[in-house]
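Enquirer:
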Amino acid sequence: MIDPRLHHQVEQHAYRLVFATISGAHLYGFPSLDSDYDLRGVHLLPLEEVVGLKTGPETVEKSGIHDGLEIDLVTHDAGKFFALMLKKNGYVMEQVFSPLVVHTTPEHDELKAIAADCLTRHHAHHYLGFAATQWKLFQKEDPPHVKPLLYVYRVLLTGIHLMRAGEIEANLARLSDDFQLPYVPELIERKVSGPEKGRIELADLDFYQREYERLVSELEQAFQCSSLPESPAGATALHEFLVRLRLRNRRTEPAH
Numbered sequence: 039m040i041d042p043r044l045h046h047q048v049e050q051h052a053y054r055l056v057f058a059t060i061s062g063a064h065l066y067g068f069p070s071l072d073s074d075y076d077l078r079g080v081h082l083l084p085l086e087e088v089v090g091l092k093t094g095p096e097t098v099e100k101s102g103i104h105d106g107l108e109i110d111l112v113t114h115d116a117g118k119f120f121a122l123m124l125k126k127n128g129y130v131m132e133q134v135f136s137p138l139v140v141h142t143t144p145e146h147d148e149l150k151a152i153a154a155d156c157l158t159r160h161h162a163h164h165y166l167g168f169a170a171t172q173w174k175l176f177q178k179e180d181p182p183h184v185k186p187l188l189y190v191y192r193v194l195l196t197g198i199h200l201m202r203a204g205e206i207e208a209n210l211a212r213l214s215d216d217f218q219l220p221y222v223p224e225l226i227e228r229k230v231s232g233p234e235k236g237r238i239e240l241a242d243l244d245f246y247q248r249e250y251e252r253l254v255s256e257l258e259q260a261f262q263c264s265s266l267p268e269s270p271a272g273a274t275a276l277h278e279f280l281v282r283l284r285l286r287n288r289r290t291e292p293a294h
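Encoded structure:
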């Protein structure tokens with residue numbers, strides 16, 4: 039169930055939204071008791087704020103405590119977001135396909151259909167890079183935090199699954215079941231039942247490193263064997279879709 043207070047926050051957005059979904063720890067399946075809600079989505083600037091001298095914001099951000107919830111809301115204008123979709127950016131793809139939907143439209147369904155044609159084998163590089171960054175964060179502290187370790191395994195498994203199945207799956211609990219990683223549920227429980235920045239006491243660092251290196255190797259191999267295309271096939275469809283969205287979103291009030 040989506041908290042109705044999240045719907046209220048989305049309804050207050052200054053621009054029409056194509057969609058708004060939940061990302062972050064809630065999407066990944068390991069929110070702590072004090073985790074904030076990461077709301078991500080696409081807004082649509084009116085045509086007048088795109089072609090005129092006074093352009094609207096490509097990115098709208100709002101964070102803080104609202105309606106009793108800690109919220110981090112970030113939306114991009116469709117033009118900026120679509121450009122990101124044509125790069126090896128798994129993060130925006132996860133937002134499009136997130137099953138935790140706060141706001142949706144028929145255009146969101148159309149966007150998901152096009153997004154499926156924008157997935158490429160080179161998205162593997164996004165997940166390899168993200169995992170490397172999180173692994174460095176994990177090694178930085180003593181005792182280490184559980185959060186970056188969960189992110190390491192989450193992004194590597196998401197990447198492997200994408201390379202093999204051609205679809206986005208961002209929930210670590212489901213991924214760990216599919217990959218039969220018995221140690222992951224315990225790590226998730228540490229995160230879910232504790233604070234956002236909880237630590238792992240007496241961590242078996244050698245074991246976690248071996249698993250990290252093994253999964254990196256699996257992702258690299260999955261990249262080599264993937265049947266996903268080299269480049270996105272949806273560029274033309276995204277362009278035409280954006281033009282239609284802009285034309286539909288013209289202001290109807292008379293000019294002064």
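Here the numbering used here is used: the first residue of the sequence shown is 39, the next is one more, and so on.
Beta carbons: idealized from backbone N, C-alpha and C, even for Gly.
Among LYS126, TYR246, VAL134, which has the Cα closest to the Cα of MET201?
Expert: Ranking the options by Cα distance to MET201, first place goes to LYS126.
Enquirer: Looking at the C-beta of ARG159, does it have a partner C-beta in chain D at a distance below 8 Å?
Expert: Among the chains of the structure shown, chain D does not appear; only one protein chain is present.
Enquirer: With which residues is ALA61 paired in a DSSP beta bridge?
Expert: The question names Ala, but residue 61 in the sequence shown is Ser. DSSP lists ASP76 as partners of SER61.
Enquirer: Looking at LEU122: is its Cβ nearer than 8 Å to the Cβ of LEU266?
Expert: No. Outside cutoff.
Enquirer: To the nearest angstrom, report how far apart LEU195 and PRO270 are at their CA atoms.
Expert: LEU195 and PRO270: Cα-Cα distance of roughly 22 Å.
Enquirer: Quick check: what's the CA-CA separation for VAL184 versus ASN287?
Expert: Near 45 Å, if we compare the C-alpha coordinates of ASN287 and VAL184.
Enquirer: Would you decide whether HIS141 is buried or exposed? Buried here means 16 or more other CB atoms lie within 10 Å of its CB.
Expert: By the neighbour-count rule (16 or more Cβ atoms within 10 Å), HIS141 is buried.
Enquirer: Within a Cβ cutoff of 8 Å, which residues of the same chain sit near PRO292, ignoring the five residues on either side of it in sequence?
Expert: Per-residue confidence for PRO292 stands at a pLDDT of 39, beneath the threshold of 50, marking its modelled position as unreliable; no derived number is given.
Enquirer: In angstroms, rounded to a whole number, what distance separates the CA positions of LEU55 and VAL281?
Expert: Answer to the nearest angstrom: the Cα atoms are 16 Å apart.
Enquirer: Closer than 6 Å by C-beta to ALA63: which residues in its own chain qualify, once you throw out the five before and the five after it? Chain order, please.
Expert: Closer than 6 Å at the Cβ level, and outside the excluded window around ALA63, lie PRO69, SER73.
Enquirer: For LEU163, which option in VAL193, LYS92, HIS146 has the closest C-alpha, if you only look at C-alpha atoms?
Expert: Sequence inspection shows His at residue 163; the Leu mentioned does not correspond to that position. Of VAL193, LYS92, HIS146, the residue nearest in Cα terms is VAL193.
Enquirer: Within 8 Å, do at least three Cβ pairs link the region 240-259 to the region 160-176?
Expert: Yes: the two stretches touch, three or more of their Cβ pairs being nearer than 8 Å.
Enquirer: Is it the case that the region 85-104 contacts the region 126-137, given that we only count it when at least three CB pairs across the two stretches are under 8 Å?
Expert: Output reads no: the region 85-104 does not touch the region 126-137.
Enquirer: Run through the DSSP bridge pairs and tell me what GLY102 is partnered with.
Expert: Looking at the DSSP assignment, GLY102 forms a beta bridge with ILE109.
Enquirer: Have a look at the DSSP bridge pairing and note the partners of THR97.
Expert: According to DSSP, THR97 bridges with HIS114.
Enquirer: Going by Cα to Cα distance, which pick from GLU87, ALA153, LEU111 is closest to ARG284?
Expert: If we check each option's Cα against that of ARG284, GLU87 comes out closest.
Enquirer: Pick from LYS118, SER264, HIS46: whose alpha carbon is nearest that of ASP105?
Expert: Minimum Cα distance to ASP105 is reached at HIS46.
Enquirer: How is the beta strand (DSSP E) around HIS141 delimited, first residue to last?
Expert: Unbroken beta strand (DSSP E) run through HIS141: 139-141.
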